[in-house]
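Step one of this worksheet: look at the structure below.
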Amino acid sequence: MLMQAEFHLQLLATYLNYMALLVKGHLNLFIFPPLNFSLKDWKARLNYFLQNSSNSTSAKANKKGQQKTCFRPSPEEAQLWSETFDELLASRYGLAAFRAFLKSEFCEENIDFWLACEDYKKIKSPHKLTAKAKKIYSDFIEKEAPKEINIDFQTKSSIAQSIGEATHTCFSAAQKRVYSLMENNSYPRFLESEFYQGLCRKSPISRDSQET
């Protein structure tokens, strides 16, 4: 039980860290300790963080008229992620939460590859397209790549032959394969995880503020 609690807190901390990195100019808002901190230390850090993060739908303007930065989605927003996989990926909070979950399962290369392909399809310069194609291939496709994804040999060979004269569809088959793998395997496990269920629950702080 203690090990499960420690793991859950580490996963939540990883998610919150990703959210901090997503918000420009607020990287020092919360500093995370190493993952070998004691359960007591993790609870103290996370309680402090969550108490100082209002939910995303009730952020208030500060003195300069800007909204407070928050890294925790509202329970209502988190619940929307269960409707479709695309709904999850369309949310920056959901994307960060899902990547944190995949990292806990040692398969974050799938979402990283999918995101790299999304960026790749937006490139207009042929020169940059070829350079990016080779980068994606070396990072995710070739044998013993640092983030090698699990795709069949035929798809790998097709990509290897096409990146010399790269087109926007070079990685389409592989991206569809990885998307399907995440949608049918990782996504259901994410929705059933205590991590996700915790994001869907209203915190005592939120309930108290609504009652007052």
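Numbered per my numbering, the sequence shown spans residues 1263 to 1474.
All C-beta atoms, glycine included, are put in the ideal place defined by N, C-alpha and C.
Integer-rounded CB distance, given that residue j should sit under 8 angstroms from residue i
i: Leu1461; j: Ala1340; result: 4 angstroms
i: Ile1425; j: Ala1378; result: Rounded, the Cβ-Cβ distance is 13 angstroms, inconsistent with contact.
i: Ile1403; j: Ile1385; result: With 8 angstroms as the limit, Ile1403 and Ile1385 do not qualify as a contact, their Cβ atoms being about 17 angstroms apart.
i: Ser1533; j: Leu1453; result: Residue 1533 lies beyond the stretch modelled for the chain, which goes from 1263 to 1474, so this question has no answer here.
Straight-line gap, residue i to residue j (C-alpha atoms, nearest Å)
i: Ser1366; j: Tyr1399; result: 24 angstroms
i: Ser1448; j: Ala1358; result: 14 angstroms
i: Pro1337; j: Phe1363; result: 17 angstroms
i: Tyr1355; j: Arg1451; result: 18 angstroms
i: Asp1374; j: Phe1360; result: 11 angstroms
i: Asp1401; j: Glu1371; result: 9 angstroms
i: Val1440; j: Thr1429; result: 19 angstroms
i: Leu1351; j: Ile1411; result: 19 angstroms
i: Ser1455; j: Glu1406; result: 30 angstroms
i: Pro1335; j: Phe1368; result: 24 angstroms
i: Tyr1382; j: Arg1463; result: 36 angstroms
i: Leu1342; j: Ser1419; result: 38 angstroms
i: Gln1423; j: Lys1409; result: 20 angstroms
i: Lys1397; j: Tyr1458; result: 33 angstroms
i: Phe1292; j: Gln1416; result: Since pLDDT at Phe1292 reaches only 33, below the 50 mark, its modelled position is unreliable, and the value read off the structure follows with that caveat. Their backbone Cα atoms lie some 46 angstroms apart in a straight line.
Proximity to residue i [Cα-Cα], best of the options
i: Asn1446; options: Glu1404, Ile1385 and Asp1348; result: Asp1348
i: Ala1436; options: Trp1376, Glu1345 and Pro1335; result: Trp1376
i: Cys1432; options: Thr1392, Leu1350 and Leu1342; result: Thr1392
i: Glu1427; options: Pro1388, Lys1397, Lys1418 and Leu1342; result: Pro1388
i: Glu1380; options: Lys1438, Tyr1458 and Phe1415; result: Lys1438
Residue i, enclosing alpha helix (DSSP H) - first and last residue
i: Trp1376; result: Glu1371 to Tyr1382
i: Arg1361; result: Arg1354 to Ser1366
i: Thr1392; result: Pro1388 to Ile1398
i: Ala1340; result: Pro1337 to Leu1342
Query - Minimum length 4: unbroken alpha helix (DSSP H) runs contained in the stretch 1411 to 1459 - result: 1415 to 1424, 1434 to 1443 and 1449 to 1454
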